[in-house]
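Structure first, then comments.
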Amino acid sequence: MMESYERVCPKYEHRIETAKELVSRAREKIEREGMPEKKLIWLELTGCSGNIISLLDGADPDFSYLITAMTKLIYNNSLMTAEGEAAIDAIMELPEAGYILAVEGAVTTKANGMYNVIGRWKGEPLTALQAIKLLGERASHIIAVGACATHGGVSAANPNPSGSVGIQRLLTKKVIKLPGCPCHPDWFMGTLAHLLLYGEPELDEKDRPLMFYSRTIHERCPRRSFFDRGIFAEKPGDKTCMFKLGCRGPVTPADCPVRQWNDYVNWPIKDDTPCIGCAQFGFPDAMEPFISYDTTREV
Amino acid sequence: MAMSSKEKCLVLLNIAKEADRDISLMCRIPCIYGRNAVSCELAAKIKEILELCEELAASDSNGKNIRPERQVQTSKSFTAEELASYNGKNGKPAYVAVNGIVYDVTNNPAWAAGTHFGQLSGKDLSTVFLSCHPDQSVLKAIPAIGELK
């Protein structure tokens with residue numbers, strides 16, 4: 046249910062439409078200028094596939110729009126019908142800069158990458174480690190989608206038995222980073238559309254697009270006035286600031302307060318549970334504990 | 426090149442005018458997100474004003490700047506064992522030490538649950554702090570409440 050301020054604020058509505066506006070412009074450009082659709086490869090490496098699921102939940106624009114109007118999605122192991130070596134062959138023969146590479150999941154490095162085999166090629170197992178090296182440097186642009194591809198994320202959580210790392214560690218080419226667990230579909234769609242229209246979006250010092258990651262959750266939190274006046278929640282479900290429960294909104298740049306999730310209807314703090322900092326580098330280890338009752342307030 | 430006192434005063438005047446405009450804007454913005462964004466800008470301007478005022482106040486009679494030492498609010502000293510008890514648990518405040526000075530991070534928004542990017546309060550975090558914040562400017566906004574023995 047929309048809060049009253051969500052219904053009347055034009056800035057709020059504008060924020061939600063960032064991705065949609067960019068995607069719409071990209072489509073118009075493709076139709077007007079006859080620009081050929083850019084090929085898109087989506088690699089799922091050492092992860093949970095949460096980011097492709099998130100992308101499939103995209104509302105406006107939605108996934109079908111992405112693959113029918115914006116790009117030619119030529120590889121995604123969860124969605125494509127081709128299988129086995131035939132599926133891999135299709136992407137190994139692409140020309141240099143002939144595709145945009147979107148990667149979710151980290152890359153395992155121990156045991157020569159054999160902790161994560163994503164397919165077979167030329168009769169041999171194809172590891173995530175091999176795939177990122179073969180496909181990464183030849184892509185026109187690389188987008189790391191989600192916490193694991195961006196910085197290791199959950200796959201690299203302590204003690205990291207598989208030696209998982211973010212994909213930038215293995216590539217010299219710049220990787221545009223979209224942290225989040227998962228990445229919001231708008232963050233990916235908007236970044237992709239910007240690439241098609243205008244090239245690389247403006248990035249911060251950690252290669253995150255400023256249009257989605259410039260402000261912390263704390264700076265735009267509807268409960269900010271409670272924080273400023275020292276009125277703190279004692280448990281999830283309370284309607285006041287959850288700083289004393291361990292909320293990581295102050296250290297997490299993301300636009301969750303305005304964009305929200307699942308067709309823009311809700312997000313953790315609106316649902317009375319603290320932010321766990323899933324869109325910040327270091328998640329999950331650096332953001333723990335996700336919730337704490339034994340804090341600076343006497344219990 | 427370092428600014429003269431007059432140049433600093435002119436900069437202060439401009440920042441103060443912008444801050445005044447921000448305050449007027451906040452009274453007119455209906456949206457909480459807009460107000461929050463402007464209040465963050467205003468906070469940054471106030472911080473700049475404070476820094477410039479400190480520099481001006483610390484100038485000697487020849488107009489040279491003397492960098493003021495970090496002002497510690499009390500003369501309390503902590504041993505490492507005493508500091509360890511201020512770990513932000515069970516109602517205790519959260520303190521951390523950096524370069525011999527003890528800071529109170531209890532109500533610092535970046536230290537929810539008395540932790541910060543995996544670092545625990547109640548400890549001397551000098552080494553890890555310098556590896557993440559080489560310019561140390563973030564310390565200016567945190568209350569310094571004592572010294573580490």
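Note that the protein sequences, when read in sequence, are chains A and B. For the first sequence, my numbering begins at 46 and goes up steadily by one. For the second sequence, my numbering begins at 426 and goes up steadily by one. Just so it is clear, CB atoms sit at the ideal spot from N, CA and C, and this is done for glycine as well.
8 Å Cβ shell around residue i - same chain, five flanking residues per side excluded
{"i": "residue 488(B)", "result": "Reliability fails at residue 488(B), whose pLDDT of 48 lies under 50, so the model's placement of it is uncertain and the value that follows must be treated cautiously. These residues qualify, in order along the chain: 429 and 430."}
{"i": "residue 91(A)", "result": "150, 151, 152, 153, 160, 161, 173, 193, 200, 207 and 209"}
{"i": "residue 275(A)", "result": "none"}
{"i": "residue 444(B)", "result": "467, 470, 471 and 474"}
{"i": "residue 97(A)", "result": "87, 89, 121, 123, 124 and 149"}
{"i": "residue 510(B)", "result": "517 and 547"}
{"i": "residue 476(B)", "result": "565"}
Environment of residue i [buried if 16+ CB atoms lie within 10 Å]
{"i": "residue 234(A)", "result": "buried"}
{"i": "residue 243(A)", "result": "exposed"}
{"i": "residue 199(A)", "result": "buried"}
{"i": "residue 453(B)", "result": "exposed"}
{"i": "residue 529(B)", "result": "buried"}
{"i": "residue 321(A)", "result": "buried"}
{"i": "residue 516(B)", "result": "exposed"}
{"i": "residue 337(A)", "result": "buried"}
{"i": "residue 239(A)", "result": "buried"}
{"i": "residue 73(A)", "result": "exposed"}
{"i": "residue 64(A)", "result": "buried"}
{"i": "residue 478(B)", "result": "exposed"}
{"i": "residue 455(B)", "result": "exposed"}
{"i": "residue 38(A)", "result": "The question about residue 38(A) has no answer here: the residues shown for chain A are numbered 46 through 344."}
{"i": "residue 508(B)", "result": "buried"}
{"i": "residue 128(A)", "result": "exposed"}
{"i": "residue 573(B)", "result": "buried"}
{"i": "residue 146(A)", "result": "buried"}
{"i": "residue 279(A)", "result": "exposed"}
{"i": "residue 448(B)", "result": "exposed"}
{"i": "residue 296(A)", "result": "buried"}
{"i": "residue 512(B)", "result": "buried"}
{"i": "residue 71(A)", "result": "buried"}
Residue i CB to nearest heavy atom of the ligand ZN below 6 Å
{"i": "residue 159(A)", "result": "Ligands displayed in this structure: none; no statement on the ligand ZN is therefore possible."}
Same chain, Cβ closer than 6 Å to residue i, five either side skipped, listed in chain order
{"i": "residue 282(A)", "result": "317"}
{"i": "residue 312(A)", "result": "301, 305 and 306"}
{"i": "residue 118(A)", "result": "85 and 112"}
{"i": "residue 189(A)", "result": "148, 195, 212, 220 and 222"}
{"i": "residue 257(A)", "result": "232 and 300"}
{"i": "residue 521(B)", "result": "528, 530, 546 and 550"}
{"i": "residue 142(A)", "result": "185"}
{"i": "residue 440(B)", "result": "470, 473 and 474"}
{"i": "residue 268(A)", "result": "286"}
Cβ neighbours of residue i in the same chain (closer than 7 Å, five flanking residues each side left out)
{"i": "residue 265(A)", "result": "302 and 303"}
{"i": "residue 175(A)", "result": "158"}
{"i": "residue 236(A)", "result": "188, 221, 223, 246 and 254"}
{"i": "residue 100(A)", "result": "108, 230 and 233"}
{"i": "residue 450(B)", "result": "463"}
{"i": "residue 67(A)", "result": "235, 238, 239 and 242"}
{"i": "residue 329(A)", "result": "199 and 202"}
{"i": "residue 514(B)", "result": "539"}
{"i": "residue 166(A)", "result": "130, 133 and 137"}
{"i": "residue 323(A)", "result": "192, 225 and 226"}
{"i": "residue 106(A)", "result": "64, 65, 68 and 234"}
Host alpha helix (DSSP H) of residue i (start-end)
{"i": "residue 100(A)", "result": "95-101"}
{"i": "residue 442(B)", "result": "430-453"}
{"i": "residue 160(A)", "result": "Element bounds for residue 160(A): n/a, residue is neither H nor E."}
{"i": "residue 128(A)", "result": "Where residue 128(A) is concerned, there is no enclosing alpha helix (DSSP H), given that its DSSP letter is neither H nor E."}
{"i": "residue 571(B)", "result": "Where residue 571(B) is concerned, there is no enclosing alpha helix (DSSP H), although the beta strand (DSSP E) it sits in stretches over 569-573."}
{"i": "residue 470(B)", "result": "457-483"}
{"i": "residue 552(B)", "result": "551-557"}
Where the beta strand (DSSP E) through residue i begins and ends
{"i": "residue 148(A)", "result": "144-149"}
{"i": "residue 68(A)", "result": "Unbroken run through residue 68(A) is the alpha helix (DSSP H), 63-78; no beta strand (DSSP E)."}
{"i": "residue 169(A)", "result": "169-172"}
{"i": "residue 189(A)", "result": "186-190"}
{"i": "residue 91(A)", "result": "Here residue 91(A) belongs to no beta strand (DSSP E), and DSSP marks it neither H nor E."}
{"i": "residue 119(A)", "result": "116-120"}
(message) Ignoring anything shorter than 4 residues, give me the alpha helix (DSSP H) runs that lie fully in the stretch 299-340 of chain A, in order along the chain.
(response) If we require 4 residues or more, the alpha helix (DSSP H) runs fully inside the stretch 299-340 of chain A come out as 301-304.
(request) Assess, as a yes-or-no matter, whether the stretch 80-97 of chain A is touched by the stretch 115-126 of chain A under the definition of 3 or more beta carbon pairs within less than 8 Å. (result) Yes, they touch.
(message) I want to know whether the stretch 132-149 of chain A touches the stretch 177-187 of chain A - three or more CB-CB distances under 8 Å.
(response) The stretch 132-149 of chain A is in contact with the stretch 177-187 of chain A.
(request) Report the residue ranges of all alpha helix (DSSP H) runs contained in full by the stretch 203-281 of chain A; include only those spanning at least 4 residues, in chain order. (result) For the stretch 203-281 of chain A, whole alpha helix (DSSP H) runs of length 4 or above, ordered along the chain, are 230-243, 255-258 and 269-273.
(message) Within 8 Å, do at least three Cβ pairs link the stretch 525-541 of chain B to the stretch 279-296 of chain A?
(response) Verdict: yes, contact present.
(request) For the stretch 492-546 of chain B, list the alpha helix (DSSP H) runs that are entirely contained and at least 4 residues long, ordered along the chain. (result) DSSP runs (the alpha helix (DSSP H)) wholly in the stretch 492-546 of chain B: 505-509.
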